[in-house]
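Peer 1:
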Amino acid sequence: MFIKRKPLVVCDIEVAPNAYLVGFKSIEKGKVIQIEAYGENVGLDKESRKKLRSILSKYTIITFNGERYDVPVMLKSLQGITCKQIFKMSEEMIKEGYPAWQSIRNFAIEGIPGMTHIDLSQPAPGVMVSLKLYGARLHSKKLQDLPYEYDMPLNKQQYEVWKKYNINDLDTTIDLYNEIAKAIELRYNMSDNYKLDLMSKGDAQIAEAVVIYELGKKNIRVKKVSLPSSYKVIYKAPDFVKFMSDQLNEILERIQEEPFELDGKGSPKIPDWLKKETIQLGETTYNIGLGGLHSQEKKLVVLSDDTHVMRNADVASYYPSMIIEYDYTPKHLGKHFLEVYKGFYWSRNHPVTGSKVRGDKVSSDSTKLTLNGVFGKLGSKWSKLYSPDLMLQVTITGQLMLLMLIEELESKGFKVVSSNTDGIEYFCDKDRQDEAEAIIYDWELVTGMVMEHGVYEGLYARDVNNYVAIYDGYAKAKGAYTDSNIRKNVEYPIVYDAIKKYLIDGTSFTDTIDTCDTITKFIVCKKVTGGAEWRSEYLGKVVRWYYSTDGDPITYVKNGNKVGKSDGSKPIMDLPYNNEVPKDLDKDKYIELCIKHLKDLGVEYAQ
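Its first residue numbered 13, the sequence shown is counted upward by one per residue in my numbering.
Below, the structure is given as structure tokens:
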């Protein structure tokens, strides 16, 4: 086993000018240990350093942002420095934003042989999300900010409050670990397979590491590509990309003549003229962007009936399939990259021997992560896979191909009502479904892509990124209407649950709200820059509330302005033990919200 599996403990440290605290909590047993020093010129005593070193050696340490902060500070504290020195080091690390290697070098930090550590900040799917905000999204029992200013010396009473705050952060870290435990298990398996430490890496970082590892087996040494700021990318469409309309052919010609500039991160920038270009096909308009093709519908309702059917067609593994089919590769890696990438692709997707067909979920998930993660590194100038040319080639080609299909379907009398990055929704006569599928099949033959098909009972769209599709008594949702999850802030999930139930079988909003007995379904959470307060009580920089019959707005501490959507709110920073619904819940408010959000989908509520 490449990464030795040890008992798991979460860890979080606190630093003040005259205090230092390292907290641990066992995930399995729940036991808490706090190793501490109090006094400006005091550090961890000999016994405390021995205990800390023992824990760091015997357990797998799980932190949030610990790679850059907690672990370097802990290791340095083992060298006997004082609280004052620890605070000075901490302040410099935060101010300068040092990566871990730089802190280790700058502060002469000594490691511990065999220490295993997992930093959850990269495996967790959010971008620039704090532990507190994750806690709100995960319905952690208590949301709490650091109770005092970070540079404030603490008296003994404040110090005891500070220690309790540390335990709350440990509990939130456990909540996050439990939420992404499958992703961590996948990293264990991939680390063992590739003999690489992938435990604290995000998906794109893992993809990069694994591809470089496989290239290394071919004796290919991968170096970073450095492009001048003046570098421009030229797009060249495949020969089969052709259109019937003059507008699309003109757009195609202009795209291929346009040198695409790079942004600060190294990604190609869509030129202003293309951002503003509106493409009309049938009754639907589309825009081309770096993130993919998007239709511009608003309040769209399309229902299947006795004579017509609403269908969708999505390309399977669109971006990886294009890379494989068209031999797209980073210029500096050439055929070697393709050999490796195709190896991953076919090990998962081969119709007979592929891990997906064989039901080997571990292999299938790891190769899927790698295939999709590679694309995330193509537009990053800090990556060894950096290739803005390939990134542009894939994204633009994918959109042009979908426009070809949409144009063909519309020319034959089929109504394409929506399109996103890798698929379309279209409306057709029931007796013409085979004809529509034949057109799509011809497109598959030309492009080499494979479509997956589905049938909806109805599509209700606020816009292309927020919709509800009903099929076989189930709801497929996107954006605001999806179930509460770690990727987005919580916003009264009961409202979206009620809307989906209403669209599926006509369940009244009142029935859904009256029968729900869990307060987390009614909660809103939000990050508030500078902190928030309610009735002069400070809440923190992440707040959550429900709507109450005894409510008031939450306001910004810095200027007294109202926090958006907080009229009639009551904070609930601590959840009740059994998550019961409070008696002052304003049910009428939630019904009003249901009606509003249903109307955003283009549907009037019939009570």
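Note that beta-carbon positions come from the ideal geometry of N, C-alpha and C, so glycine has one too.
Near R360, what residues of its chain come up, given a Cβ to Cβ distance below 6 Å and the 5 sequence neighbours on each side ignored?
Peer 2: Locating residue 360 in the sequence shown gives position 348, where the first residue counts as 1. Contacts found: G366, S367, K368, S376, T379.
Peer 1: Whole-angstrom Cβ separation of D526 and V593, contact assumed at under 8 Å?
Peer 2: Taking the first residue of the sequence shown as position 1, residue 526 is located at position 514. Taking the first residue of the sequence shown as position 1, residue 593 is located at position 581. Contact doesn't hold; Cβ gap of about 10 Å is too wide.
Peer 1: Taking the straight line between their C-alpha atoms, what separation do you get for D258 and Y453?
Peer 2: What you label residue 258 is simply residue 246 of the sequence shown in a count that begins at 1. What you label residue 453 is simply residue 441 of the sequence shown in a count that begins at 1. Here the alpha carbons of Y453 and D258 stand approximately 25 Å from one another.
Peer 1: In whole angstroms, what is the alpha-carbon distance linking V555 and E437?
Peer 2: Within the sequence shown, numbered from 1, the residue matching residue 555 stands at position 543. Within the sequence shown, numbered from 1, the residue matching residue 437 stands at position 425. C-alpha separation (whole angstroms): 38 Å.
Peer 1: On the premise that L457 lies in contact with Y247, defined as a C-beta separation below 8 Å, what is that separation, rounded to the nearest angstrom?
Peer 2: Here residue 247 refers to the residue found at position 235 when the sequence shown is read from its first residue. Here residue 457 refers to the residue found at position 445 when the sequence shown is read from its first residue. Going by Cβ atoms, the distance from Y247 to L457 rounds to 24 Å, so no, they are not a contact pair.
Peer 1: According to DSSP, simplified to helix, strand and coil, what is G552?
Peer 2: Within the sequence shown, residue 552 is the residue found at index 540, counting from 1. The answer is strand: DSSP assigns G552 an E or B state.
Peer 1: Quick check: the Cα distance between F521 and E226, rounded to an integer number of angstroms?
Peer 2: Within the sequence shown, the letter at position 509 stands for residue 521. Within the sequence shown, the letter at position 214 stands for residue 226. Each residue's alpha carbon lies about 54 Å from the other.
Peer 1: Taking the C-alpha atoms as reference points, what is the distance between A136 and M322?
Peer 2: Locating residue 136 in the sequence shown gives position 124, where the first residue counts as 1. Locating residue 322 in the sequence shown gives position 310, where the first residue counts as 1. Approximately 36 Å, taken between the alpha carbons.
Peer 1: How would you write the range of the beta strand (DSSP E) that H465 sits in, first residue to last?
Peer 2: One-based indexing of the sequence shown puts residue 465 at position 453. Run containing H465: 463-468, per the beta strand (DSSP E) assignment.
Peer 1: In whole angstroms, give me the CA-to-CA distance for L414 and S329.
Peer 2: If you number the sequence shown from 1, residue 414 lands on position 402. If you number the sequence shown from 1, residue 329 lands on position 317. Roughly 14 Å between the two C-alpha positions.
Peer 1: Are H344 and V429 touching if we call contact CB-CB under 8 Å?
Peer 2: Here residue 344 refers to the residue found at position 332 of the sequence shown. Here residue 429 refers to the residue found at position 417 of the sequence shown. Not closer than 8 Å, so no.
Peer 1: Grouping DSSP H, G and I as helix and E and B as strand, with all else coil, what is C95?
Peer 2: In the sequence shown, residue 95 corresponds to position 83, counting from 1. Three-state result, C95: helix.
Peer 1: Going by C-alpha to C-alpha distance, which of V507, K254, I282 sits closest to T407?
Peer 2: Here residue 407 refers to the residue found at position 395 when the sequence shown is read from its first residue. Ranking V507, K254, I282 by Cα distance to T407 puts I282 first.
Peer 1: Decide yes or no for the touch test of the stretch 102-122 against the stretch 167-174: beta carbon pairs closer than 8 Å, at least 3 of them.
Peer 2: Short answer: they don't touch.
Peer 1: What distance in whole Å lies between the Cβ atoms of G542 and I516, which are believed to be in contact at a cut-off of 8 Å?
Peer 2: Your numbering for residue 516 matches position 504 in the sequence shown. Your numbering for residue 542 matches position 530 in the sequence shown. Not really, about 42 Å apart at Cβ, beyond 8 Å.
Peer 1: Report yes if the C-beta distance between D183 and K144 is below 8 Å; otherwise report no.
Peer 2: For the purposes of this step, residue 183 is taken as residue 171 along the sequence shown, with counting starting at 1. For the purposes of this step, residue 144 is taken as residue 132 along the sequence shown, with counting starting at 1. Their beta carbons are not under 8 Å apart, which means D183 does not touch K144 by this criterion.
Peer 1: Check for me: the beta strand (DSSP E) holding D131 runs from which residue to which?
Peer 2: Counted from its first residue, the sequence shown places residue 131 at position 119. Its beta strand (DSSP E) spans residues 128-131.
Peer 1: With DSSP as the reference, label F14 as helix, strand or coil.
Peer 2: Counting from one through the sequence shown, the residue named residue 14 turns up at place 2. Look at F14 here: in three-state DSSP terms it is coil, with no helix or strand label.
Peer 1: Cα-Cα, which of L293, G371, K58, I106 is closest to Y162?
Peer 2: To locate residue 162, count along the sequence shown from 1; it is residue 150. Closest option to Y162, judged by alpha-carbon separation, among L293, G371, K58, I106: I106.
Peer 1: Within its chain, find whatever has a CB closer than 7 Å to the CB of L90; leave out the 5 residues flanking it on each side and keep chain order.
Peer 2: Here the question's residue 90 lines up with position 78 in the sequence shown. Closer than 7 Å at the Cβ level, and outside the excluded window around L90, lie R61, L64, R65.
Peer 1: Would you be able to state if there are at least three C-beta pairs under 8 Å between the stretch 545-560 and the stretch 569-581?
Peer 2: yes
Peer 1: Only counting runs of 3 or more residues, tell me where the beta strand (DSSP E) segments fall wholly within the stretch 359-439, in order along the chain.
Peer 2: 427-432
Peer 1: Are any of the Cβ atoms in chain C nearer than 8 Å to that of V34?
Peer 2: Although the question refers to chain C, the structure presented lacks it and comprises just one protein chain.
Peer 1: Within its chain, find whatever has a CB closer than 6 Å to the CB of P565; leave out the 5 residues flanking it on each side and keep chain order.
Peer 2: Indexing the sequence shown from 1 puts residue 565 at position 553. Here the set comprises K574, S578, D579.
Peer 1: Would you mind listing the beta strand (DSSP E) stretches within the stretch 458-541 that are 3+ residues and don't spill past its ends, in chain order?
Peer 2: 463-468, 470-475, 478-483, 486-490
Peer 1: Considering Cα atoms alone, identify which of L613, K500, D523 is closest to M140.
Peer 2: As a position in the sequence shown, residue 140 is number 128, starting the count at 1. Ranking L613, K500, D523 by Cα distance to M140 puts K500 first.
Peer 1: Can you look up L260 in the DSSP assignment and give me helix, strand or coil?
Peer 2: As a position in the sequence shown, residue 260 is number 248, starting the count at 1. Correct three-state label for L260: helix.
Peer 1: Would you kindly check if the distance between the Cβ of G491 and the Cβ of N477 is under 8 Å?
Peer 2: The residue labelled residue 477 in the question sits at position 465 within the sequence shown. The residue labelled residue 491 in the question sits at position 479 within the sequence shown. It is a contact, given that the beta carbons lie within the stated cut-off.
Peer 1: Quick test of the definition: if touching needs 3 or more C-beta pairs under 8 Å, does the stretch 602-610 touch the stretch 495-510?
Peer 2: yes
Peer 1: Buried or exposed for V253, please, with buried defined as at least 16 other CB atoms from any protein chain shown within 10 angstroms of its CB.
Peer 2: Translated into the one-based positions of the sequence shown, residue 253 becomes position 241. Around the C-beta of V253, 16 or more other C-beta atoms lie within 10 Å, and the residue is accordingly described as buried.
Peer 1: Roughly how many angstroms separate the alpha carbons of K347 and Q308, rounded to a whole number?
Peer 2: Looking up residue 347 in the sequence shown gives position 335. Looking up residue 308 in the sequence shown gives position 296. Using only the alpha carbons, I get a separation of about 39 Å.
Peer 1: How many whole angstroms separate the CB atoms of D326 and G435, which I take to be in contact at a CB cut-off of 8 Å?
Peer 2: Residue 326 sits at position 314 when you count from the first residue of the sequence shown. Residue 435 sits at position 423 when you count from the first residue of the sequence shown. That pair is a contact at about 3 Å.
Peer 1: What would DSSP say about D251, mapped onto helix, strand or coil?
Peer 2: Position 239 of the sequence shown, counting from 1, holds the residue named residue 251. Collapsing the DSSP output to three states places D251 in coil.
Peer 1: Which runs of the alpha helix (DSSP H) fall wholly inside the stretch 262-308 and span at least 4 residues, in chain order?
Peer 2: 284-288
Peer 1: Given a threshold of 16 other Cβ atoms within 10 Å of its Cβ, counted over all protein chains shown, does H362 qualify as buried or as exposed?
Peer 2: What you label residue 362 is simply residue 350 of the sequence shown in a count that begins at 1. H362 is exposed by the Cβ-count criterion.
Peer 1: For K424, which option in L293, P342, L390 has the closest C-alpha, if you only look at C-alpha atoms?
Peer 2: In the sequence shown, counting from the first residue as 1, residue 424 sits at position 412. Nearest option by C-alpha distance: L293.
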